[in-house]
Each structure stands twice: as structure tokens, then as C-alpha cells.
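One structure is given below, encoded as C-alpha cells.
2 protein chains.
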Amino acid sequence: MKTQEAGSGLRERKKQRTRDALLRSALELFTTKGYDRTTVDEIAEAVDVSQRTFFRYFTSKEETAFAVQDMVESRFIAILRERPAAESPFEALRAAVLDAWDTLGESIEEVVPVELHMRTYQMIESTPSLIAVHLRRSTEVEEEIARVIAEREGLDVETDPRPRVTVAAFSGVMRLAGRLWGAGEDISVESIRAVTESYLDQLGPVLAGKWRAK
Amino acid sequence: MKTQEAGSGLRERKKQRTRDALLRSALELFTTKGYDRTTVDEIAEAVDVSQRTFFRYFTSKEETAFAVQDMVESRFIAILRERPAAESPFEALRAAVLDAWDTLGESIEEVVPVELHMRTYQMIESTPSLIAVHLRRSTEVEEEIARVIAEREGLDVETDPRPRVTVAAFSGVMRLAGRLWGAGEDISVESIRAVTESYLDQLGPVLAGKWRAK
DNA sequence: TGTCAACTGTCAGTCGCTGTCATTAGCCTC
DNA sequence: GAGGCTAATGACAGCGACTGACAGTTGACA
Numbered sequence: 001m002k003t004q005e006a007g008s009g010l011r012e013r014k015k016q017r018t019r020d021a022l023l024r025s026a027l028e029l030f031t032t033k034g035y036d037r038t039t040v041d042e043i044a045e046a047v048d049v050s051q052r053t054f055f056r057y058f059t060s061k062e063e064t065a066f067a068v069q070d071m072v073e074s075r076f077i078a079i080l081r082e083r084p085a086a087e088s089p090f091e092a093l094r095a096a097v098l099d100a101w102d103t104l105g106e107s108i109e110e111v112v113p114v115e116l117h118m119r120t121y122q123m124i125e126s127t128p129s130l131i132a133v134h135l136r137r138s139t140e141v142e143e144e145i146a147r148v149i150a151e152r153e154g155l156d157v158e159t160d161p162r163p164r165v166t167v168a169a170f171s172g173v174m175r176l177a178g179r180l181w182g183a184g185e186d187i188s189v190e191s192i193r194a195v196t197e198s199y200l201d202q203l204g205p206v207l208a209g210k211w212r213a214k
Numbered sequence: 001m002k003t004q005e006a007g008s009g010l011r012e013r014k015k016q017r018t019r020d021a022l023l024r025s026a027l028e029l030f031t032t033k034g035y036d037r038t039t040v041d042e043i044a045e046a047v048d049v050s051q052r053t054f055f056r057y058f059t060s061k062e063e064t065a066f067a068v069q070d071m072v073e074s075r076f077i078a079i080l081r082e083r084p085a086a087e088s089p090f091e092a093l094r095a096a097v098l099d100a101w102d103t104l105g106e107s108i109e110e111v112v113p114v115e116l117h118m119r120t121y122q123m124i125e126s127t128p129s130l131i132a133v134h135l136r137r138s139t140e141v142e143e144e145i146a147r148v149i150a151e152r153e154g155l156d157v158e159t160d161p162r163p164r165v166t167v168a169a170f171s172g173v174m175r176l177a178g179r180l181w182g183a184g185e186d187i188s189v190e191s192i193r194a195v196t197e198s199y200l201d202q203l204g205p206v207l208a209g210k211w212r213a214k
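In the order they appear, the protein sequences are chains A and B. Its first residue numbered 1, the first sequence is counted upward by one per residue in the working numbering. Its first residue numbered 1, the second sequence is counted upward by one per residue in the working numbering.
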């Protein structure tokens, strides 16, 4: 979230460098030797700072694993807000995810190479303790999305459950896509984009009970 | 899961008693002073065993919080399997959850009072670290449910994504219901049953784009 | 009754994480 | 450009979840 900002003084730049270095080292270590087998001490040591300093930049070991995801998510929300009001909620959501995947590089590359991020994502999807956190974070994002949808439709999230219900179903399918992608071989962005798209397109028919349609 | 079984020998009975005592003390402590503020040492002390012994009954502190949920879930699966084949997947899921809520006591009461379980559930829904685990566990259950649905419809889960997509949407709404219930005042079983029912009934219309229908 | 195996307690150690306090090093003023 | 201010860091101690190792205890069963 606050990962950018050139930073004027030497102090600021130094901090930024330390943070970035910690983040990259962490992700690199996580994706190579596994999250659980990586200790915070190792991450700190790789950047040559004390463990205590690590915890001044990140509130937890987990946080490093999701720092980039965080950026991607806020980008998604931003894109969603831009969608034309004419689209139905579900259409807008669908279009926004696909757009987000198509322009992933633009939101990330400055901090971390896209490839490392994809590897990180896959690592998250295959690490039980991180899957748990991932899911909880997703619900928080869901809440935000629901608010955006409600706004689009001129509804009140607290009294009208439909925005949340829509988002809940949408997110359920999103997570399914992420999970299956993570279990597969192809780590490319195109691959997860494709899975996402095809699954979303099945949601309507499937719920309508059209199981025979090919 | 393996919480029942009368147990023949003295040894078995003793073990069962220790386990039950640990479980109840844990849940009681969790719901009174909060999960994070309860230490494993306290739980062990309340039952007068060593901390090490606690970890021989439960692999983690978390596990105790979900031990009862575990029973409820397997019951739900069992009920789902019994649903008539004539029902559509979604109808069967809907009916099974409601049935499960209606007969909650029968599957639980022997180990833990229903009221304590409800309080535990609410505590889970309001404890971030447990929400995370709860969600991960939910996806595991989802997978199982998807298999049952696939079986019903004579499909292969691995190749046909429709069972999973259906379950994903269904579970998304289920979790939403749980979350909102947990945030409310009414801890009763009836209350969560009602929320569940009403939300599930909105899924179809909402996805079909029928936002104006009252 | 004595032997075996299961169960338990004790102790030491790892890892994530936090509070405290002294030290370092940008920054800003005079 | 020396000195004071303060943010940033390091070093250390300690807590809580969890694990391995080893020794003691207690049901099970011949």
C-alpha cells in the first residue's frame, strides 16, 4: 500500500531500500525452501539487519507473504470503480478481474518481478497456514467489494444483502480458480486468467440448474 | 471425529474423560476470556495434566476450537448423502444444511452442550486467527461436498468443474451467513438457521440479475 | 504377580513475536 | 560544521505455542 513514494531524504530512501530488500529476500526464501522452513532470523540475516528490525517493518512473518497481494487487491478495487454503471454487478466484477490480470505488471513490477509474485502466489496456495490467512484476507476484500457494488447500485450494504450475496458467490468461484491454478503446473499469468474466466462463465448456468448444457 | 466410542477398558475410558475434560475446559475458557488470552497452560492446569499431555490429545490449541465443528460437518455430509437423487444439487445442499441445523443436538449433546458450541462458533467468527483457520477448514469440507455432488450427478470432479463451482457459490453464501450471524446478538440455533435459509434463497435471483424483485 | 506397553511428566530447546533500553546516525539549527 | 534532536537500530530478556528426548507411572494381560 505504502510501498511506493520516492522519498526525499536519505533516511527515507534507506528505509525504502531496507523494506524492499527484506520483502524480496523473504519471498525468495519462501519460494525456494518453503515458508515454514524459513525463519525470520534467516530473512533478517540475508539483509543484514537484526530480527527486531524485521518486525519493525513487518508486523509478522505472514505480512511479507501478502505485501504484494495487497497492492494487487487495491488495484482491482480501483479498476472495479471505473467500470461503467451500465454493466450488471456481476459483469463489472468479471471485467475488473480480467483487466487486473491483464495489467498486473504495471502495478507490481517496480517492487517485485511478476514471476516472483506468481511463485509466491502458488506457494501461498500450497501452504496450509498461509491458505488460512489468504482466505481471511479475501473476506476482508470481499467486504470492500460489496460496498463498491452497493454504491454502484445505490443500495445500502447493511440493509440489503444482495451485494454481499453476489460478491460471496463471485469470490467463492475466484478462490476456487486460485486454488486449482495453484495445484497445477502452469505458473503463468495467462493460465490463471484463463481459469478464472472460464469458471466465472459457468456460475450462472450452473446455478440455474443447466447441468446438461454443453 | 473419533470422539465417541464408549471404550471398553479402564484405560480407554480414562483417556476419553481426559480428552473431553480438556475440550470442555478449553471451550469454556475460550468463550469466557477469549481465545488469545487463554494459554495452553491454563487449559492443562484446569484439567490437572501437564501441558505436554494436552499436546498429546490435540495437535494444536486451534484444534480444540474446531473439534466440535468437525463432528457437525461430518454429520452434514452424511445427511447430504441421504438426499433424494431427484433434487438438484443446489436443492439437496440447501435441504441438508437446514436439516443439519434442525438436528444439531443429536450429533453434539453427548460431548458438549449445544449452547457452549454456539458460543464457541460465535467466538470463532469474532477471532481473526480462528476465522482464518475456519475458512481453510471450510474449503476442505467444500472439496468433500463437491465429491458427493459429483457422485450424485454421475460426474467426475477432476474433469467437470460444475460440482465445485456450485459448491463454491453455495459455500460462499454459507460463510456469509455465518459471519453475519456471528456479528449479531442472537446466539440461538434458530437464528442462524433463519439467516442461512433466507440468504440461500436469494442466490439464484441475485445472480440472474433480478435485483429489482421484491 | 510380574512383565510389557501405553500414558504421562519433566526438561530443554526452537521459533514467532514483544517490551525495554542503550546506541547509532540522519537531520536541522545556529 | 559542531552540537542537539529524534528516528532507526541493535542487543537482550521474556512469553507462549509447540517438539523431542528421557524417565517414571500405571493399566493390560499372561
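Think of the CB as a built atom: it goes at the ideal place given N, C-alpha and C, for glycine as much as any other residue. This one's a predicted model, so the numbers in the text were calculated from it and none came from an experiment.
Return the CA-CA distance between residue 80/B and residue 181/A, expressed in angstroms with no decimal places. Straight-line Cα distance between these residues: approximately 28 Å.
Would a check of beta-carbon distances place residue 196/A closer than 9 Å to chain B? Not an interface residue.
At the level of alpha carbons, what is the spacing between residue 91/A and residue 135/B? Spanning the alpha carbons of residue 91/A and residue 135/B requires a straight line of approximately 26 Å.
Can you pull the chain B residues whose beta carbon is under 9 Å from the beta carbon of residue 83/A, in chain order? Neighbours of residue 83/A in chain B, taken as residues whose beta carbon is under 9 Å from its own, are absent, since the nearest beta carbon is some 15 Å off.
Can you give me the C-alpha to C-alpha distance between residue 207/B and residue 173/B, rounded to a whole angstrom? For residue 207/B and residue 173/B, the distance between alpha carbons rounds to 12 Å.
So which residues on chain B does residue 153/A lean against when the C-beta distance must stay under 8 Å? Annotation: Cβ neighbours of residue 153/A in chain B (cutoff 8 Å, chain order): 211.
Residue 150/A: which of 109/B, 211/B, 96/B, 118/B sits nearest, CA to CA? Out of 109/B, 211/B, 96/B, 118/B, the CA that lies nearest to the CA of residue 150/A is found in 211/B.
Taking Cβ-Cβ distances shorter than 9 Å, what residues in chain A pair up with residue 157/B? Here the premise fails: no neighbours, minimum Cβ distance about 11 Å.
Please classify residue 107/B as buried or exposed, where buried requires at least 16 other C-beta atoms within 10 Å of its C-beta. Residue 107/B should be labelled buried.
Interface residues of chain B facing residue 124/A [CB-CB closer than 9 Å]: Result: empty, since nearest Cβ-Cβ is about 12 Å, beyond 9 Å.
Of all Cβ atoms in chain A, is any one closer than 9 Å to the Cβ of residue 2/B? Note that residue 2/B scores a pLDDT of 38, beneath 50, so its modelled location is shaky; the value from the coordinates is reported in the next line. No, residue 2/B lies away from the interface with chain A (no Cβ there is under 9 Å from its Cβ).
Please state whether the Cβ-Cβ distance between residue 124/B and residue 69/B is less than 9 Å. Yes, the pair counts as a contact, with Cβ atoms nearer than the cut-off.
Under the three-state DSSP convention, the category residue 101/B falls into: If DSSP states are grouped into helix, strand and coil, residue 101/B belongs with the helices.
Taking one C-beta from the segment 9-25 of chain A and one from the segment 38-47 of chain A each time, how about it: are there three or more such pairs within less than 8 Å? With the rule of 3 Cβ pairs closer than 8 Å, the segment 9-25 of chain A counts as touching the segment 38-47 of chain A.
At the 9 Å Cβ level, is residue 131/A part of the contact set with chain B, yes or no? At least one CB atom of chain B sits nearer than 9 Å to the CB of residue 131/A.
Does residue 86/A come out as helix, strand or coil in the three-state DSSP assignment? If DSSP states are grouped into helix, strand and coil, residue 86/A belongs with coil.
In the segment 25-59 of chain A, which residue ranges form an unbroken alpha helix (DSSP H) of at least 4 residues, counting only runs that do not cross its ends? For the segment 25-59 of chain A, whole alpha helix (DSSP H) runs of length 4 or above, ordered along the chain, are 40-47, 51-57.
In whole angstroms, what separates the C-alpha of residue 139/B from that of residue 97/B? When rounded, the distance between both Cα atoms is 16 Å.
Under 6 Å Cβ to Cβ from residue 1/B, same chain only, skipping five residues before and after it: list those, please. Residue placement at residue 1/B is flagged as unreliable, the pLDDT there being 37, under the threshold of 50; the coordinate-derived value follows with that caveat. Result list for residue 1/B: 70, in chain order.
Given this structure, state the Cα-to-Cα distance separating residue 133/A from residue 103/B, to the nearest angstrom. Straight-line Cα distance between these residues: approximately 32 Å.
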